[in-house]
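Structure, as structure tokens:
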Amino acid sequence: MSMQMIRSCTEADIARITRDYVRTARIMTDSGFDVLEIHMAHGYLLSSFLAKQQNRRKDSWNGSLENRARFARQVARAVREEVGDAVAVTAKIGLTDGSRAGFSMPETLEFAQLLESDGTLDALELSGGSSLLNPMYLFRGAVPIKEFAATMPPALRLGLKSPIGKQFFKSYPFEEAYFEEKALVFREALSMPLIMLGGINTKETMDRAMAEGFDFVAMGRALLREPDLVNKMMAGEVTSGVCSHCNLCMTRAAATSDKIDNRTRCVEIAPFVPASSV
Numbered sequence: 000m001s002m003q004m005i006r007s008c009t010e011a012d013i014a015r016i017t018r019d020y021v022r023t024a025r026i027m028t029d030s031g032f033d034v035l036e037i038h039m040a041h042g043y044l045l046s047s048f049l050a051k052q053q054n055r056r057k058d059s060w061n062g063s064l065e066n067r068a069r070f071a072r073q074v075a076r077a078v079r080e081e082v083g084d085a086v087a088v089t090a091k092i093g094l095t096d097g098s099r100a101g102f103s104m105p106e107t108l109e110f111a112q113l114l115e116s117d118g119t120l121d122a123l124e125l126s127g128g129s130s131l132l133n134p135m136y137l138f139r140g141a142v143p144i145k146e147f148a149a150t151m152p153p154a155l156r157l158g159l160k161s162p163i164g165k166q167f168f169k170s171y172p173f174e175e176a177y178f179e180e181k182a183l184v185f186r187e188a189l190s191m192p193l194i195m196l197g198g199i200n201t202k203e204t205m206d207r208a209m210a211e212g213f214d215f216v217a218m219g220r221a222l223l224r225e226p227d228l229v230n231k232m233m234a235g236e237v238t239s240g241v242c243s244h245c246n247l248c249m250t251r252a253a254a255t256s257d258k259i260d261n262r263t264r265c266v267e268i269a270p271f272v273p274a275s276s277v
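Using numbering that gives the first Met the number 0, you'd call the opening residue of the sequence shown number 0 and step up by one each time.
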């Protein structure tokens, strides 16, 4: 969607990118952060090596799952060696990309077991969907194609307004904790701490996740809408958030036009303004 040509990573690229992760981990640790998350999901670089249908390499970074997982495991190991026990190091992995062309169970579970056996991570965050193949599998709820198209360059804008756009942005009705069923398969198979996510909005769902053996839950859109939601729950003021899952926050976060203010936030409490006035 960036409208750019790409090429395969060379061995030098892979080594350089691994060093970039290490350098970033050191900067974040020295800046006082408590937890670092390595993104191994959603079709981004590390996860693009994992899926057989996307990894078209002809070298030792393709083939068996062990080969396809080498890059992600190498990064996790290098980051851990750099920061030691100074911070917690977690990774976000996909339960499934939501596409036959993506990375899916049972291989995703096998990948998680490899990460657990390495002992380099303190927890795994269980996500799903692919920014390249099926983005709405992650977000669920409203599908704002019109608003998304408005943030794109002209050629992509036309494509998103065509029937192709509806094929790319599939519709999935919102239901809270929509990854729970698949995440429970991972919970049963793994002993390391796990983080459940997927449209978590209520304290009841959080309590259920804890009872099912998850160590943490992650919240995204609910906290964009109410940054103080967890504090209000702890104080007993509320038991649920008010996020409507309109997904307009997603359209602006991914904006590529320089005329769009793409700061990630809830549009219901912070209307958008042109980038030129920011």
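Ideal Cβ placement from N, Cα and C applies to all residues, glycine included.
In whole angstroms, what separates the C-alpha of residue i from that of residue j?
{"i": "S116", "j": "Q3", "result": "37 Å"}
{"i": "L159", "j": "K202", "result": "37 Å"}
{"i": "D84", "j": "V78", "result": "11 Å"}
{"i": "F178", "j": "I16", "result": "30 Å"}
{"i": "M191", "j": "A40", "result": "18 Å"}
{"i": "E80", "j": "R18", "result": "12 Å"}
{"i": "L280", "j": "V88", "result": "No answer is possible for residue 280: the residues shown for the chain start at 0 and end at 277."}
{"i": "S161", "j": "F168", "result": "11 Å"}
{"i": "K181", "j": "E175", "result": "14 Å"}
{"i": "A50", "j": "P153", "result": "30 Å"}
{"i": "S275", "j": "A221", "result": "For S275, the predicted structure reports a pLDDT of 48, less than 50, and the residue's modelled location is therefore unreliable. A value from the coordinates is still provided. Distance between the alpha carbons of S275 and A221 is about 28 Å."}
{"i": "I268", "j": "T9", "result": "45 Å"}
{"i": "K231", "j": "R264", "result": "19 Å"}
{"i": "F32", "j": "M218", "result": "18 Å"}
{"i": "N66", "j": "A122", "result": "22 Å"}
{"i": "Q52", "j": "G235", "result": "48 Å"}
{"i": "R139", "j": "S98", "result": "15 Å"}
{"i": "G118", "j": "D29", "result": "23 Å"}
{"i": "D12", "j": "D206", "result": "44 Å"}
{"i": "G197", "j": "L157", "result": "30 Å"}
{"i": "A252", "j": "S130", "result": "12 Å"}
Assuming residue i and residue j are in contact, meaning their beta carbons sit under 8 Å apart, how far apart are those beta carbons, in whole angstroms?
{"i": "F70", "j": "L45", "result": "6 Å"}
{"i": "G240", "j": "E225", "result": "6 Å"}
{"i": "A210", "j": "V216", "result": "Not really, about 12 Å apart at Cβ, beyond 8 Å."}
{"i": "L125", "j": "I194", "result": "7 Å"}
{"i": "I92", "j": "A111", "result": "6 Å"}
Relative to the alpha-carbon of residue i, which residue among the options has its alpha-carbon at the smallest distance?
{"i": "C245", "options": "Y20, A141, V74", "result": "A141"}
{"i": "V86", "options": "F102, I26, M218, M104", "result": "I26"}
{"i": "N133", "options": "F102, S243, Q112", "result": "F102"}
{"i": "Y43", "options": "D96, E10, T23, V21", "result": "D96"}
{"i": "C248", "options": "Q73, R186, Q166, P143", "result": "P143"}
{"i": "I279", "options": "N261, L228, A188, F185", "result": "This structure gives no information on residue 279, because the portion of the chain shown stretches from 0 to 277."}
{"i": "F173", "options": "L120, M135, N261, Q73", "result": "M135"}
{"i": "R298", "options": "T204, N54, E36", "result": "Here the chain has residues from 0 to 277 only, and residue 298 is not among them."}
If you follow the alpha helix (DSSP H) that residue i is part of, which residue opens it and which one closes it?
{"i": "E65", "result": "64 to 67"}
{"i": "L45", "result": "44 to 47"}
{"i": "E109", "result": "106 to 117"}
{"i": "I199", "result": "From DSSP, I199 is part of no alpha helix (DSSP H); its letter is neither H nor E."}
{"i": "L137", "result": "135 to 138"}
Can you tell me where the beta strand (DSSP E) with residue i in it begins and where it stops?
{"i": "V88", "result": "87 to 93"}
| query | Between the stretch 135 to 150 and the stretch 58 to 67, do at least 3 Cβ pairs fall closer than 8 Å? | reply | no
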